[in-house]
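> Numbers 1 to 206, taken from the UniProt record's numbering, label the letters of the sequence shown in order.
Even for Gly, the Cβ is constructed at its ideal location relative to N, Cα and C.
Input: one structure, supplied below.
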Amino acid sequence: MFTNRIFRFLRKKIVLAALFTLSFCYCLIHWLPESEELMSDDNMVQPLNLPSQSFKWHTSWDKTNHSNSKITSCRNSVQGKILIADDKGFVCPRQDVLSNGCCNVDSASTSRYSCESCHDNGCCSIYEYCISCCLQPEKRALLMKILGKASETFNILFASITDHFELCLTKCRTSSQSVQHENSYTDPKAKHCYGESPPAAQLGTS
Numbered sequence: 001m002f003t004n005r006i007f008r009f010l011r012k013k014i015v016l017a018a019l020f021t022l023s024f025c026y027c028l029i030h031w032l033p034e035s036e037e038l039m040s041d042d043n044m045v046q047p048l049n050l051p052s053q054s055f056k057w058h059t060s061w062d063k064t065n066h067s068n069s070k071i072t073s074c075r076n077s078v079q080g081k082i083l084i085a086d087d088k089g090f091v092c093p094r095q096d097v098l099s100n101g102c103c104n105v106d107s108a109s110t111s112r113y114s115c116e117s118c119h120d121n122g123c124c125s126i127y128e129y130c131i132s133c134c135l136q137p138e139k140r141a142l143l144m145k146i147l148g149k150a151s152e153t154f155n156i157l158f159a160s161i162t163d164h165f166e167l168c169l170t171k172c173r174t175s176s177q178s179v180q181h182e183n184s185y186t187d188p189k190a191k192h193c194y195g196e197s198p199p200a201a202q203l204g205t206s
């Protein structure tokens, strides 16, 4: 009698242990691949691209259209003490900037899509000329190529940019490509780059 009770007790324990083991194995089989999938997705670097439909590329038009009443205002590079570049591709002395923020196209000092101080590699000595040169409609293919190769960090930065002008403002600011060491430039005379290639190293730079 006592032996039978022990046997029944042990049998129940064995059944419960077997059920627990089966349940545990089922959970492992069912959930583990899903968890690995989620971890894999989280670790993957997802490319961030500029929204092609909302992004506005610069298009060329003549000076007459620039100065007529339809142009109510321009954005410009703001901080230049001597020169200003506006979002239509014009660059001019600060005193030739109109009240609407646009360069005065009737001034002899105003030029459009000027690449003065810029090298073939897309690096310029003067920030405002870098912007003006970068805004050339012909530069679109180059800029799209650069965006396609951008690192994750720069893609996050570029994702907040809405048009060609903002892209040129960002690209022409001193970039990591133009820095050789912590406090020195690869080419101190051409540190504003919109192009794909970094500036050529200058001998004697420390």
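1) Does DSSP put I82 in a helix, a strand or coil?
2) On the DSSP bridge list, what partners appear for K171?
3) Buried or exposed: where does K191 fall if 16 or more other Cβ atoms within 10 Å of its Cβ makes it buried?
4) Determine the contact status of Y194 and G80, defining contact as a CB-CB distance below 8 Å.
5) Tell me which residue opens and which closes the alpha helix (DSSP H) that C134 is part of.
6) My understanding is that H107 touches D96, with C-beta atoms under 8 Å, so please give their C-beta distance in whole angstroms.
7) Just the C-alpha distance for S160 and V105, rounded to the nearest angstrom, thanks.
8) Give me, in chain order, the residues of the same chain whose beta-carbon lies closer than 8 Å to that of I126; leave out the 5 immediate sequence neighbours on both sides.
9) Where does R140 fall in DSSP's three states?
10) Give the straight-line distance between the Cα atoms of P137 and I131, rounded to the nearest whole angstrom.
11) Would you kindly work out how many angstroms separate the C-alpha atoms of S73 and K56, rounded to a whole number?
12) Just the C-alpha distance for R75 and D163, rounded to the nearest angstrom, thanks.
13) What residue does the beta strand (DSSP E) around V91 start on, and which one ends it?
14) DSSP has C124 in a bridge; who is on the other side?
15) Going by Cα to Cα distance, which pick from E128, R112, C133, C168 is closest to L147?
Taking the coordinates as given:
1) Judged by DSSP in its simplified three-state form, I82 adopts coil rather than helix or strand.
2) Answer is none; K171 lacks a bridge partner.
3) Looking at its Cβ environment, which holds 16 or more other Cβ atoms inside 10 Å, K191 is buried.
4) Y194 is not a Cβ neighbour of G80, given a cutoff of 8 Å.
5) Element bounds for C134: 127-134.
6) Checking the sequence, you will find Ser at residue 107 rather than His. That pair is a contact at about 4 Å.
7) Roughly 30 Å between the two C-alpha positions.
8) Closer than 8 Å at the Cβ level, and outside the excluded window around I126, lie L83, E116, S117, H192.
9) In this structure, R140 counts as helix in the three-state DSSP scheme.
10) CA-to-CA, the gap between P137 and I131 works out to about 12 Å.
11) Spanning the two alpha carbons is a distance of roughly 17 Å.
12) Annotation: R75 to D163 spans about 12 Å, alpha carbon to alpha carbon.
13) Looking at the DSSP string, the run of the beta strand (DSSP E) that includes V91 is 90-93.
14) In the DSSP output, where bridge partners are listed per residue, C124 has C118, H192.
15) L147 has its Cα closest to that of C168, out of E128, R112, C133, C168.
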